[in-house]
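Asker: Handing you this structure, nothing more for now.
Residue numbers (the working numbering): 158 to 368.
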C-alpha cells in the first residue's frame, strides 16, 4: 500500500503541471458523485424506515386478527355445544311425551276393562294431558331458542370466514413488506459502499490537489 502511494505521489509530481488544471474539475465530479451517492443512501434509509414501520403495523394487525379469530372459534364451539344440549333436551322431552302418550293408551284400555276405575283413570289422564301440554310448551320454547342459537351459529360462521380472510390478507401483506425490506436493505448496503468508495476517491484527489 505504501509502495502504491509512493508511486502515485511520484507520478503526481511528474504530472502536476499537466493535471493541475484538471484537478478542480475531477474533484467537483467526485464531490458530485459523493453527493449523489449520499442522497441515494438517505432515500433508501428513509424508505427502509417506512417499510419497517409498515411491517410493525401489519404484525400488530395480524396479532389482533388472530386473537379475534380465536375468540370467534371459541364462541362457535360453545354455540355448537349449546345446540347439542338443546337437541338432547328436545329428544328427552319427546321421549317423555311418548311415554305419557303410551300411559294414556294403557290406562284407556284399563278404563274400558274396569268401569269402576274410570273416574280415577280419567283424572290421571287429565293430569297427563296437562303434562303433555307443559312438555309441548317446553318443546316450542326449545325450538324457538334453538332457532335463535342457529342464527347465532350462522353469524359466527360468517365472522369466522371474515376473520380467516382478513388474517390471510394480512399475512400476504406482511410477506410483501418483508420482501421489500430485503430489497431496501440490499440497496442501503450497496449505496453505503458506493459512498465509501467515492469518499476515498475524493480524498485521493484532495491529496493530489494539496501537492
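Just so it is clear, CB atoms sit at the ideal spot from N, CA and C, and this is done for glycine as well.
With a threshold of 7 angstroms on Cβ separation, who are the neighbours of residue 243 within its own chain once the five nearest residues in sequence on each side are excluded?
Answerer: 299, 302, 303, 306
Asker: Round the Cβ separation of residue 313 and residue 229 to the nearest angstrom and send it over; I've been treating them as touching at under 8 angstroms.
Answerer: 6 angstroms
Asker: Quick one: grab the DSSP three-state call for residue 347.
Answerer: It is helical.
Asker: Measure how close the beta-carbons of residue 310 and residue 237 come, nearest whole angstrom, since I'm counting them as under 8 angstroms.
Answerer: Right, the Cβ-Cβ distance comes to about 7 angstroms (below 8 angstroms), so this counts as a contact.
Asker: Once you ignore the five residues that flank residue 232 on each side, which residues in its own chain have a CB closer than 6 angstroms to its CB?
Answerer: Within the same chain, Cβ atoms closer than 6 angstroms to the Cβ of residue 232 are found at 313, the five residues on either side in sequence being excluded.
Asker: Given that a residue counts as buried once 16 or more other Cβ atoms are within 10 Å of its Cβ, and exposed if not, what is residue 258?
Answerer: Exposed.
Asker: Can you grab the Cα-Cα spacing for the pair residue 216 / residue 295, in whole Å?
Answerer: 50 angstroms
Asker: Going by DSSP in three states, residue 271 sits in which element: helix, strand or coil?
Answerer: coil
Asker: Which whole-angstrom value is the C-beta distance of residue 366 and residue 180, which I expect to be below 8 angstroms?
Answerer: Indeed they touch by this definition, with Cβ atoms about 5 angstroms apart.
Asker: Do residue 334 and residue 193 count as a contact pair if the criterion is CB distance below 8 angstroms?
Answerer: no
Asker: Can you check whether the CB of residue 362 is closer than 8 angstroms to the CB of residue 205?
Answerer: Going by beta carbons, residue 205 and residue 362 fall outside the 8 angstroms limit.
Asker: Within this structure, are the beta carbons of residue 187 and residue 351 separated by less than 8 angstroms?
Answerer: no
Asker: Any idea if residue 163 is buried or exposed, counting beta-carbon neighbours within 10 angstroms, 16 or more meaning buried?
Answerer: Unreliable positioning characterises residue 163 in this predicted model, as indicated by a pLDDT of 37, which lies under 50. The coordinate reading is nonetheless provided below. In this structure residue 163 is exposed. Its beta-carbon is surrounded by fewer than 16 other beta-carbon atoms within 10 angstroms.
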